[in-house]
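Contents: one structure, followed by commentary.
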Amino acid sequence: MKSLLHCLVIFILVGMLSVQVAAQRVELLIEEGGAVENPPESLRLEYKFKSGDMQKYDITVTGEGKVKLPGQEDAVKLEARVTMRCVRHLVGGPTSDGHWRIEWDTIKADMLIPEFGQIYLTVPPIQYEMDKRGKVRAFKGLEELALCPGLPQQKTFGDVLAQLPCGGFPDKEIKPGDTWEDLYEVLIPDQQPTRIIVKSKFLGFEKVLEKNCVKIESTYEAPFVLDITKLRGIETKKDSKQEADASKQTDSKEKDKSGGEQASEKPQIVEGVETGTIWTYFAYEEGVLVQTHGKIDLKADDKSEKKTETLPAKPVEPEKKEEASPDVPKETVERTHDVDLTYQTVCLLVTRKDVSEQEEGQTQNEK
1 MKSLLHCLVI FILVGMLSVQ VAAQRVELLI EEGGAVENPP ESLRLEYKFK SGDMQKYDIT
61 VTGEGKVKLP GQEDAVKLEA RVTMRCVRHL VGGPTSDGHW RIEWDTIKAD MLIPEFGQIY
121 LTVPPIQYEM DKRGKVRAFK GLEELALCPG LPQQKTFGDV LAQLPCGGFP DKEIKPGDTW
181 EDLYEVLIPD QQPTRIIVKS KFLGFEKVLE KNCVKIESTY EAPFVLDITK LRGIETKKDS
241 KQEADASKQT DSKEKDKSGG EQASEKPQIV EGVETGTIWT YFAYEEGVLV QTHGKIDLKA
301 DDKSEKKTET LPAKPVEPEK KEEASPDVPK ETVERTHDVD LTYQTVCLLV TRKDVSEQEE
361 GQTQNEK
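Quick note, the sequence shown lines up with residues 1 to 367 if you use the working numbering.
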């Protein structure tokens, strides 16, 4: 389960970096929009940068669902809530090709898991370059995520995050009803590529936090196939060749011990799809992101090769089918997939005047 959770955290943090993450409406405040007077017929969406720019965002992510991974007899119920307070500020630019350097500082972050309590997360400053359309490139600091308390201890984690999409707005004027599509590919070592298709639609205009905003709906679909056996292997072969050689020798010895241990080395495949719908509110006059909220669903199933060779040898097999049949309808209602998770999030802009002097000083001291 730990290896799959690495992937789940990856998708959550992607939303944090692009400020396109999703939250649970029953607990989280979503700023409802009002009507915009005399909106333009069409417009070109662009960020407006100026020296000293700083925005604070409060981010909340909630998730719940069930997980049953290869080797587990019963599904595990998961429930968590992550709250973050981040400051995004301009640190340089523009470059010769029109990119600005931006830094995200996480003032505080914690995760609440009912069964385990509160976990404090330490997230390092993350820098990236972004053009006026919001297209992101050149991440720095992601490699430090593997060293932060509360985050996956895996170098590959940051490498994968650096590939995740932040495509920005279309490089043309758009009007309500216009749609566009982006396709991305994420590579994870020893795994099949994950293709992400993002479809966006300009829904119209709304006033949020006293700012005239465009409202954009984005849906995405990311089918994936993960070999958990290989994913675990990534963690054991980092840092030095000596560790890698020792790991290989240990594995080969264990494989030679007995046939039963060899069976445990069979690929453990999890196949599924993550889908999401995100609503983005962008203040087109000020050129700043105001709010995002949405919902993310992750569903996957264990596609590992079953040990069918041992089942026919047991005369008890018919009895197992008879005993299991009455429970099938109940399980189908409660959980139709081995992994069935739902995340909801809100990211809301807080004006600069509400950034406390203590928080603002903290970000400056960290530079």
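Note that CB positions come from ideal geometry on N, CA and C, so glycine has one too.
Per the C-alpha coordinates, the member of His293, Gly272, Val346, Glu286 positioned closest to Thr336 is Gly272.
Sequence-distant partners of Glu217 (beyond 5 residues in either direction) whose C-beta falls short of 6 Å from its own C-beta, in its chain, are Lys201, Leu203, Trp279. From the listed residues Arg44, Pro39, Thr342, the smallest Cα separation to Glu173 is found for Arg44. Distances from the CA of Val61 to each of Ile228, Ala300, Ala80, Thr277 were compared; the closest alpha carbon is that of Ala80.
Taking all protein chains in view, the Cβ of Ala35 is surrounded by fewer than 16 other Cβ atoms within 10 Å, so the residue is classified as exposed. In the displayed model, Thr280 falls within a strand according to three-state DSSP. In this structure Lys215 is buried. Its beta-carbon is surrounded by 16 or more other beta-carbon atoms within 10 angstroms. DSSP lists Lys207 as the bridge partner or partners of Gly34. Proximity of the region 53–67 to the region 83–98 meets the contact definition, three or more beta-carbon pairs being nearer than 8 Å. Excluding sequence positions up to five before and after Glu206, its CB lies within less than 6 Å of the CB of Gly33, Cys213, Lys215, all in the same chain and listed in chain order. Here Lys299 has Gly272, Val273, His337, Val339, Asp340 as same chain residues with Cβ atoms under 7 Å from its own Cβ, once five neighbours each way along the sequence are excluded.
Note on geometry: alpha-carbon atoms of Pro267 and Asp74 lie some 20 Å from one another. In the DSSP assignment, Thr275 is bridged to Glu221, Asp297.
Between the alpha carbons of Gln55 and Leu349 lies a distance of about 7 Å. Under the criterion of beta carbons closer than 8 Å, Leu187 and Ile197 do not qualify as touching, at roughly 16 Å.
Residue pairing for Glu129: DSSP places it in a beta bridge opposite Arg101, Arg137.
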